[in-house]
Structure formats: structure tokens, C-alpha cells
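> My numbering puts the first residue of the sequence shown at 10, with every later residue one more than the last.
Every residue, glycine too, gets a C-beta built ideally from N, C-alpha and C.
Below you'll find the structure I mean.
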Amino acid sequence: MDEFREEGSETVLQAARRIHALRQTEVAPYADLYPLLLAAVPDIMVNWDRDTQELPWTAIEETERQNNLVSVITRVIDCALSDANRNFRVDAMIAAACAHGESRRSQGMPVATLFREYDLLRSATWGELSRIASSPVSYSAIFVIDGLLSVATRATVLGYHHTEMMANGLWAGHLEELKKTVRS
């Protein structure tokens, strides 16, 4: 196999090892934070629920709060902080977010509700993260998590429109494009 590679270029195995080592280095500062933030998911959701009642423009009726954001935020945290295989992390996060969108559609929620609930999820996550970790680790982690929450929001809207996207033959292409946007 090596005869087919250019002189000085790395083999596929070398590239895979290099990428894996980079990921381990990248998530090393989060080794202690990762389990703490996962354990804080119930608190994040309690804060999310409280925040849905705080301001008139963020209000989400109690009957509309039945959702699966716990799965989404858990997968976002996994994607951001774990050293698991990239494809597994990204696929799991996007699948959870798409399922959330499909669920919200079946509940008859308007699309605008999705954006309100993700805004509140960002705020609740930031609050818990800043409580359990000091800077600069908390800032680095929220930067990554916030980016992934943006991807999850897009995946939720995609899942919300799953039926139409499938009917128009657009589902697979948009799903793949969304997966490519994840840097983690």
C-alpha cells in the first residue's frame, strides 16, 4: 500500500493516529469537567423550566414543556467534551436533535418555540457550567457547547420538517451537510 503514497505524505493509519491524538489533547482540559457537566443535566433542565416562566418573550406554556431536550443537551455535552469517536458523537447529537424536532412537530408546536427553548437551554447550560468550572476552562467549554447548540438547533428545525424534506429528496443532503459543520 505504501508504494501508492507520495514521498513525505502520511499514511491513512498515521493520519488517523494524528487526528485521534489531537482530539485527546483537545478534550484533556475537560476530563474532570465532562462527568460534572453530565451530572448537572437535571439542574440544567430545572433551570430551563424555571426560565420558561421568567420573561414574557421567553414564556413556554407548561403544556409545551414536554420535550426531549435532556437527550439533546446530553448529546451536545458528549459531542463537545468526550473523546469518543467523532462520527458516533456527531451522529448521536444530530439524531437526538432531529428527533426533538419531529417530536415538537407532532405536538403541534410552532417553529418559533424551538428557537426560544434553545435560547433558554444555552442560558441554563452556561449558568451550570460557570457554577461548576472556573475560567478559562468554562469559557472554552461554553464556546464549543454554544457552537454545537447552534448545530443542534438547525438539526431540530431539520427534524421538524423531516416529512417535507424526505418528500422533496432533500433530507440526506441536508443531514450530511449539517454533520460536516461540526468541528468537534
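Find the nearest neighbour of Asp-92 within the set Ile-103, Met-174, Glu-173, Leu-42, judged by alpha-carbon distance.
Leu-42
> In terms of residues, what are the limits of the alpha helix (DSSP H) holding Ile-2?
Residue numbering for the chain in the displayed model covers 10 to 193; residue 2 lies beyond these limits and cannot be assessed.
> Do the segment 98-108 and the segment 140-155 meet, that is, are 3 or more Cβ pairs less than 8 Å apart?
no
> For Glu-173, collect the residues of the same chain with a Cβ closer than 7 Å to its Cβ; drop the 5 residues on either side in sequence, then sort them by chain order.
none
> In this structure, does DSSP put Thr-190 in helix, strand or coil?
coil
> Within its chain, find whatever has a CB closer than 6 Å to the CB of Pro-38; leave out the 5 residues flanking it on each side and keep chain order.
Val-146
> Helix, strand or coil for Thr-195, going by three-state DSSP, please let me know.
Past the edges of the chain, shown from 10 to 193, lies residue 195, and the structure says nothing about it.
> Unbroken alpha helix (DSSP H) runs of length 4 or more, entirely within the segment 34-104: which are they?
42-48, 50-60, 78-90
> Skipping 5 residues on each side, what residues in its chain have a beta carbon closer than 7 Å to that of Thr-134?
The answer, listed in chain order, is Ile-53, Ile-82, Ile-154.
> Do Ala-49 and Glu-137 have their beta-carbon atoms positioned less than 8 Å apart in this structure?
A Cβ-Cβ contact shorter than 8 Å links Glu-137 with Ala-49.
> Between the Cα of His-170 and those of Leu-123, Glu-63, Glu-70, spot the shortest distance and give me the residue it belongs to.
Leu-123
> Just the Cα atoms here: how many angstroms apart are Asn-94 and Val-85?
Val-85 has its alpha-carbon roughly 14 Å from the corresponding atom of Asn-94.
> Assuming contact is defined by CB atoms lying nearer than 8 Å, are Gly-168 and Cys-107 in contact in what I supplied?
yes
> Can you give the Cα-Cα distance for Thr-162 and Tyr-127, rounded to whole angstroms?
7 Å
> Here's a check: name, in chain order, each residue in its chain whose Cβ is nearer than 8 Å to the Cβ of Thr-165, leaving out the five neighbours to either side.
Val-81, Ala-106, Cys-107, His-109, Gly-110, Arg-113, Leu-123, Tyr-127
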